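To start, the structure under review is shown below, and the notes come after it.
Numbering (the numbering used here), first residue to last: 19 to 123.
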């Protein structure tokens, strides 16, 4: 199961499972993942699950950008281990292995 692991300033991680076909990220309370940070746009980005099960990250014309592995993107497919950045907030796209199997990362 794919999930996002956000790196918090205190050294901890905030984990959010990607269970839906579409998940939005932004400062506005209507987003699925609400991030109250001045570098995050009201509607910053969204994850869209493709028919093959792979997630695509789409920037929603954010002011400070959405990045995958250091490259600013408009749209990109993501895979386990990818480093993501929303404005100045870092995260990782990860995938949990089914029970009994080792992670693929």
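We put the beta carbon where it would ideally sit given N, CA and C, even for glycine.
Bear in mind the structure is a predicted one, so any value in this text is a computation, not a measurement.
Limits of the beta strand (DSSP E) - the one that residue 64 falls within
63-67
Look at the Cβ atom of residue 109, then the Cβ atom of residue 23, and state whether they are nearer than 8 Å.
yes
By DSSP, does residue 101 sit in helix, in strand, or in coil?
strand
Quickly, what does DSSP pair residue 51 with across the bridge? List them, please.
43
Using a 10 Å radius around the Cβ and a threshold of 16 neighbouring Cβ atoms, would you call residue 114 buried or exposed?
exposed
Whole angstroms is fine: what's the gap from residue 62's alpha carbon to residue 78's?
5 Å
Residue 36 versus 81, 51, 44 and 28, residue with shortest Cα-Cα distance
51
Exposure label - residue 112; buried when at least 16 CB within 10 Å:
buried
N-terminal and C-terminal residue of the beta strand (DSSP E) that residue 74 is part of:
73-77
Neighbourhood of residue 33 by C-beta distance below 8 Å, restricted to the same chain and skipping five residues each side:
21, 22, 23 and 24
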